[in-house]
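Chemist: My questions will all concern the structure given below.
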Amino acid sequence: MGELRSKSEHTEAVRTGRRICVVVNTRSRRGRRLYPEVVRTLRAEGFEPIRLYPLDDPRRLRATLEAALDAKPDLLVVGGGDGTLSAAVKHVAHRDVALGVLPLGTTNNFARSLGLPLDLPGAIRVFHTGKVADIDLGIAGDREFANLASFGVSVEVAGKVKPWLKRLLGRAAYPLTALTILPHHQPFRAFITVDGHRHELLTHQLNIANGRFHGGWQVAKDISIDNGRLVAYQLGSGKRLRLLVETLTRATTGRWSSLAGGPFVVGREMLLETEPPMAADVDGEVRLMTPITIRTVPNGLRVMVPDHFVDS
Numbered sequence: 001m002g003e004l005r006s007k008s009e010h011t012e013a014v015r016t017g018r019r020i021c022v023v024v025n026t027r028s029r030r031g032r033r034l035y036p037e038v039v040r041t042l043r044a045e046g047f048e049p050i051r052l053y054p055l056d057d058p059r060r061l062r063a064t065l066e067a068a069l070d071a072k073p074d075l076l077v078v079g080g081g082d083g084t085l086s087a088a089v090k091h092v093a094h095r096d097v098a099l100g101v102l103p104l105g106t107t108n109n110f111a112r113s114l115g116l117p118l119d120l121p122g123a124i125r126v127f128h129t130g131k132v133a134d135i136d137l138g139i140a141g142d143r144e145f146a147n148l149a150s151f152g153v154s155v156e157v158a159g160k161v162k163p164w165l166k167r168l169l170g171r172a173a174y175p176l177t178a179l180t181i182l183p184h185h186q187p188f189r190a191f192i193t194v195d196g197h198r199h200e201l202l203t204h205q206l207n208i209a210n211g212r213f214h215g216g217w218q219v220a221k222d223i224s225i226d227n228g229r230l231v232a233y234q235l236g237s238g239k240r241l242r243l244l245v246e247t248l249t250r251a252t253t254g255r256w257s258s259l260a261g262g263p264f265v266v267g268r269e270m271l272l273e274t275e276p277p278m279a280a281d282v283d284g285e286v287r288l289m290t291p292i293t294i295r296t297v298p299n300g301l302r303v304m305v306p307d308h309f310v311d312s
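This is the structure we're talking about:
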């Protein structure tokens with residue numbers, strides 16, 4: 001991939017050279033409506049993109065991202081939901097280019113973990129007032145991801161939540177869809193091996209997080225996307241009612257204030273086995289099955305973040 005510039009050199013290049021390419025998923029919740037505003041706001045902030053790609057066919061996302069990167073931008077600006085951004089992560093990882101995030105999805109977990117403003121003008125302003133940071137890259141099996149791998153009820157929810165409901169209710173569409181699935185969902189047994197220790201649990205839902213947010217809500221304040229650690233946690237137990245109560249509690253109050261207050265398993269690499277074998281939802285993409293090894297690569301991805309972001 002070639003030698004990477006220092007982060008300070010890269011930041012200066014973005015702020016002064018302003019070589020950017022822009023890819024916006026116009027099939028996302030707000031992408032089509034906001035695309036003209038994206039272009040106007042970028043130009044108002046002094047950025048004249050080398051290439052602009054409004055993308056209305058998700059099947060062309062991979063080819064479009066590669067075409068944008070062929071132009072050798074210092075900053076690849078990508079607008080869309082977490083699925084679109086996770087796809088971009090795979091292409092930007094380990095390259096001498098930074099990812100600029102436009103949070104145009106429903107939950108915007110990745111943008112929240114980076115501490116980005118969720119309004120469009122604020123997110124774009126970061127491109128010339130912020131800095132280039134290198135954050136952790138998640139690897140599930142052989143697939144890079146930004147935020148989260150999940151197992152259980154959420155995998156079914158991701159497949160069944162209606163696009164019109166997401167447009168109408170935003171992130172509340174997910175717990176409402178879960179309510180329709182949970183009465184028929186069977187618990188599963190999970191075994192997580194970290195640093196030679198094997199943890200066993202019975203649950204309806206297990207998450208392994210690289211970022212700090214899931215479903216648009218904070219998991220715990222001291223989870224970081226830049227500390228070289230993954231965090232595994234369950235919602236509820238084998239009891240459906242407990243899962244329901246914990247999901248609603250965390251959705252409304254932010255259940256855990258710190259890693260010390262919740263049922264967490266923390267480590268750089270985790271082997272997950274389940275009975276029965278289960279599908280994995282990796283940042284919205286369901287293609288892998290357990291058993292699966294999930295690990296983190298410290299400083300594997302360059303992103304543009306606010307100046308106050310703590311870059312370790």
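Using the UniProt record's numbering, the first residue of the sequence shown is number 1, and each one after it goes up by one. Heads up, the beta-carbon is just placed ideally off N, CA and C, and yes, glycines get one too.
1) Which partner residues does residue 138 have in the DSSP bridge list?
2) Whose CA, out of 57, 146, 268, 108, lies closest to the CA of residue 302?
3) Specify the secondary structure class of residue 84 as computed by DSSP and reduced to three states.
4) Would you decide whether residue 131 is buried or exposed? Buried here means 16 or more other CB atoms lie within 10 Å of its CB.
5) Take residue 79 as the anchor and find which of 275, 100, 193, 68 has the nearest alpha-carbon.
6) Could you name the residues that DSSP lists as bridge partners for residue 205?
7) Can you tell me the Cα-Cα spacing of residue 126 and residue 305, whole angstroms?
8) Take residue 284 as the anchor and find which of 10, 154, 21, 218 has the nearest alpha-carbon.
9) Restricting to runs no shorter than 4 residues, where is the alpha helix (DSSP H) found entirely within the UniProt domain "DAGKc" (15-144)?
10) Could you give the residue range of the beta strand (DSSP E) that holds residue 285?
11) Inspect the beta-carbon positions of residue 93 and residue 267 and report whether they are closer than 8 Å.
12) Which residues does DSSP pair with residue 188 in a beta bridge?
13) Going straight from the alpha carbon of residue 256 to that of residue 34, what length do you get?
14) Would you mind working out which of 110, 210, 56 sits nearest residue 269, comparing C-alpha positions?
15) Helix, strand or coil: which one does DSSP assign to residue 308?
16) Opposite residue 271 in the DSSP bridges: which residues?
17) Going along the chain, which residues of its own chain have a beta-carbon closer than 6 Å to the beta-carbon of residue 261, five neighbours each way excluded?
18) Should the region 114-123 be called in touch with the region 184-204, which here means at least 3 C-beta pairs below 8 Å?
19) Bridge partners of residue 281, per DSSP?
20) So, for residue 3: in the same chain, excluding its five sequence neighbours on each side, which residues have a beta-carbon less than 6 Å away from its beta-carbon?
21) Kindly indicate which residue of 227, 23, 58 has the alpha-carbon position closest to the one of residue 314.
22) I need the straight-line Cα distance from residue 316 to residue 103, nearest angstrom please.
23) Below 8 Å between beta carbons: does that hold for residue 288 and residue 143?
24) I'd like the list of long-range same chain contacts for residue 253, defined as Cβ closer than 8 Å, with 5 residues on each side in sequence excluded.
25) Am I right that residue 282 and residue 140 are in contact with their C-beta atoms under 8 Å? What's the rounded C-beta distance?
26) Identify the residues that DSSP records as bridge partners of residue 232: which are they?
27) Below 7 Å CB to CB, which residues in the same chain sit around residue 195 once its five sequence neighbours on both sides are set aside?
28) How would you label residue 59, buried or exposed, when you count the other beta carbons within 10 angstroms and need 16 or more for buried?
29) Taking the C-alpha atoms as reference points, what is the distance between residue 199 and residue 295?
30) Residue 264: which of 230, 148, 113 sits nearest, CA to CA?
31) Measuring only the C-alpha atoms, how far is residue 65 from residue 91?
Modeler: The relevant details are as follows:
1) 145, 296
2) 146
3) helix
4) buried
5) 100
6) 152
7) 7 Å
8) 154
9) 31-44, 61-70, 82-92, 109-113, 120-129
10) 285-289
11) no
12) 203
13) Bear in mind that the predicted position of residue 256 carries a pLDDT of just 43, short of 50, making it too unreliable to give a figure here.
14) 210
15) coil
16) 193, 293
17) Its pLDDT being 43, under 50, residue 261 is placed unreliably in this model, and the value from its coordinates should be taken loosely. Here the set comprises nothing.
18) no
19) 150, 286
20) none
21) The structure shown does not extend to residue 314, since the chain is modelled only from 1 to 312, so the question has no answer here.
22) This structure does not reach residue 316, given that the chain is present from 1 up to 312, and the question cannot be answered.
23) yes
24) Unreliable placement is indicated for residue 253, whose pLDDT of 46 sits below 50; no coordinate value is reported for it.
25) 5 Å
26) 208, 265
27) 267
28) exposed
29) 17 Å
30) 230
31) 7 Å
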